[in-house]
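There are 2 protein chains.
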Amino acid sequence: MIIVFEGDTMMRRISLLLVLVGTLAGVVAVRAPASGQADQDAAAIFVTKIPTGYRDWKLISVAHEEGNLNSFAAILGNDVAIEAYRERKLPFPDGAIIAALHWRFVPSEENNKVFGRSQSFVAGQPTNVQFMVKDSKKYASTGGWGFAHFNDGKPADEAVLKTCYPCHAKIEGSDLVFTRYSP
Amino acid sequence: MIIVFEGDTMMRRISLLLVLVGTLAGVVAVRAPASGQADQDAAAIFVTKIPTGYRDWKLISVAHEEGNLNSFAAILGNDVAIEAYRERKLPFPDGAIIAALHWRFVPSEENNKVFGRSQSFVAGQPTNVQFMVKDSKKYASTGGWGFAHFNDGKPADEAVLKTCYPCHAKIEGSDLVFTRYSP
Chain P
0 MIIVFEGDTM
10 MRRISLLLVL
20 VGTLAGVVAV
30 RAPASGQADQ
40 DAAAIFVTKI
50 PTGYRDWKLI
60 SVAHEEGNLN
70 SFAAILGNDV
80 AIEAYRERKL
90 PFPDGAIIAA
100 LHWRFVPSEE
110 NNKVFGRSQS
120 FVAGQPTNVQ
130 FMVKDSKKYA
140 STGGWGFAHF
150 NDGKPADEAV
160 LKTCYPCHAK
170 IEGSDLVFTR
180 YSP
Chain A
0 MIIVFEGDTM
10 MRRISLLLVL
20 VGTLAGVVAV
30 RAPASGQADQ
40 DAAAIFVTKI
50 PTGYRDWKLI
60 SVAHEEGNLN
70 SFAAILGNDV
80 AIEAYRERKL
90 PFPDGAIIAA
100 LHWRFVPSEE
110 NNKVFGRSQS
120 FVAGQPTNVQ
130 FMVKDSKKYA
140 STGGWGFAHF
150 NDGKPADEAV
160 LKTCYPCHAK
170 IEGSDLVFTR
180 YSP
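Those sequence lines, one after another, are chains P and A. Residue numbers for the first sequence, in numbering that gives the first Met the number 0: 0 to 182. Residue numbers for the second sequence, in numbering that gives the first Met the number 0: 0 to 182.
Printed below as a string of structure tokens:
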């Protein structure tokens, strides 16, 4: 592309045009998500704020995933969730929140040294925290559960969050919740 | 060994002797532990009552032991213990109690089916619950910690409990506590 300058007037017109295009693009970029129906749905079915005080919640159980995940998890519940588990209430009532705290699954050299053999695995670096928040109206389109995933306190992209429900939907018998309560 | 019976008298004497030996052995066996100084100490250094409400305590971390133990553990702490962990107080103050809840480490067929591959391990049947209770005076002879181990709510034999301290004593740098706090 070759631009031939015919004088100051043309230059001013080009500059003005560029500014206008840039401004319009910005306006479109900012307004489009808010006005699109699809994006309103997306905003509603995901949880983007970390529930306060979750690290103090009571224990539901523990889990380990091998392979790429290589994760060690503790699954905690707020009081509504814990009561539902202990009283075997299904489906979980609105207000129930389940938290999955994930760390790396790592061998403990310190423990192995004491035990005299390689047998001990512990929680390493934290990797992410996930939540399921029960609100049967707000999250009606995803089985009544809102899903959340935080890396270092920051919510994951919607692309990540969209993978939660299809997998959880497969365990309908326990209201989409993988973890069983461990006494 | 050949025994030659010389008559009823000898037979009665042998029987009487056996009964006496048996009785004396029983008396010795029953009385020795109560009167021996060593056994009084033993009674003092072990915890034989399950601390109330421990299943509601906050999470410290998780652990897995391979091999014969094949265990999945959640380690919980009472408020004194949790505060000490979070504020990195060492040694742990009196009143701190740490609970290790153990279950079998088992594959989850249900989860693996959903994930489409064998990768998921969960807590199976409960196996035992162990406690460390900090009381620097009462348990002075075992580093200030009283040890406990319960199978199905019943305290383990002293023979089992005596194995706790020698192993925990090896991790003096963290006040005899294996588990680190996981954020």
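The beta-carbon is built from N, C-alpha and C at its ideal position, and this holds for glycine as well.
Cα atoms of TRP56/P and PRO165/P: separation of roughly 27 Å, rounded to the nearest angstrom.
The region 149-162 of chain A and the region 132-139 of chain A do not touch, with fewer than three beta-carbon pairs separated by less than 8 Å. Secondary structure at ILE44/A: helix, using DSSP grouped into helix, strand and coil. In the DSSP secondary-structure assignment, HIS148/P is bridged to GLN129/P. Residue state for VAL176/A is assigned as coil, using DSSP reduced to three classes.
Straight-line measurement puts the Cα of VAL61/P at about 11 Å from the Cα of ALA122/P. Distance from the Cα of ILE96/P is smallest, within the candidate group CYS163/P, VAL113/P, TRP102/P, TYR53/P, for TYR53/P. Taking all protein chains in view, the Cβ of LEU160/A is crowded by 16 or more other Cβ atoms within 10 Å, so the residue is classified as buried.
Under the three-state reduction of DSSP output, LEU160/A falls in the helix class. Taking every protein chain shown into account, the CB of ALA72/A has 16 or more other CB atoms within 10 angstroms, so this residue is buried. In chain P, no part has a C-beta under 9 Å from the C-beta of ILE49/A; the shortest such distance is about 13 Å. Between SER140/A and GLU171/A, the alpha-carbon positions lie close to 14 Å from each other.
Judged by DSSP in its simplified three-state form, PHE91/A adopts coil rather than helix or strand. In the same chain as TRP102/P, and ignoring 5 residues on each side of it, the C-beta atoms closer than 8 Å to its own belong to SER70, PHE71, ALA72, ALA122, GLY123, GLN124, PRO125, THR126, in chain order. Buried is the label assigned to ALA80/P, since at least 16 other Cβ atoms lie within 10 Å of its Cβ. It is roughly 12 Å from the alpha-carbon of GLU64/A to the alpha-carbon of ALA99/A. Within the region 54-70 of chain A, the residues whose Cβ lies closer than 9 Å to some Cβ of chain P are ARG54, ASP55, TRP56, LYS57, LEU58, SER60, VAL61, ALA62, HIS63, GLU64, GLU65, GLY66, ASN67, LEU68, listed in chain order.
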